[in-house]
Amino acid sequence: MPVRHVVGFKFKPEYLESEEFSTLKEKAGLLRDIPNVIEVHWGKNFAARSVDKYDYVLEVTFVDAAAVDAYLPHPIHKHFAETYILPNTTTVTPWDYEF
């Protein structure tokens with residue numbers, strides 16, 4: 110059964126204005142190179158009703174739950190998370206669900 114991995118991000122204000130941030134959508138696209146990833150979407154949250162006020166969301170679709178387990182420690186994902194996300198966010202909230 111396919112799985113969606115959805116992550117909400119709240120970025121530090123100074124990072125949102127950086128040149129590096131302007132290339133983050135392109136960098137997120139590299140996650141497609143991880144085996145069993147079906148699709149990757151990156152977008153800005155514009156919902157005024159959002160309680161937590163996440164800035165951006167990443168949505169990755171996988172072939173199954175085992176693919177998510179393999180994705181998390183994969184070097185491409187680790188580099189993306191450890192280099193661009195974790196040092197530059199105040200909140201990172203993941204959700205995974207089967208559909």
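Final position of the sequence shown in my numbering is 208; the numbers increase by one with none missing.
Beta carbons are placed, not taken as given, at the ideal position from N, Cα and C, and that holds for glycine.
Item, Value
"Could you check what DSSP says for Arg-141 in three-state terms: helix, strand or coil?", "helix"
"Could you say if the stretch 163-171 and the stretch 143-150 meet the contact criterion of at least three C-beta pairs nearer than 8 angstroms?", "yes"
"Identify, in the order they occur along the chain, each residue of the same chain with its Cβ nearer than 6 angstroms to the Cβ of Ser-127, setting aside the five sequence neighbours on each side.", "none"
"When you compare each of Gly-152, Glu-123, Lys-119 and Lys-121 to Lys-136 by their alpha carbons, which one comes out closest?", "Gly-152"
"Check Val-116 in the structure and name its three-state DSSP category.", "strand"
"What first and last residue would you give for the beta strand (DSSP E) that runs through Ile-147?", "146-153"
"Rounded to whole angstroms, what is the Cα-Cα separation between Val-118 and Thr-200?", "Residue identity differs from the one stated: residue 118 is Phe in this sequence, not Val. Their backbone Cα atoms lie some 6 angstroms apart in a straight line."
"Leu-181 to Arg-113, Cα distance in whole Å?", "13 angstroms"
"With a Cβ-Cβ cutoff of 7 angstroms, do Asp-205 and Val-166 count as a contact?", "no"
"Buried or exposed, going by whether 16 or more other CB atoms sit within 10 Å of the CB of Phe-120?", "buried"
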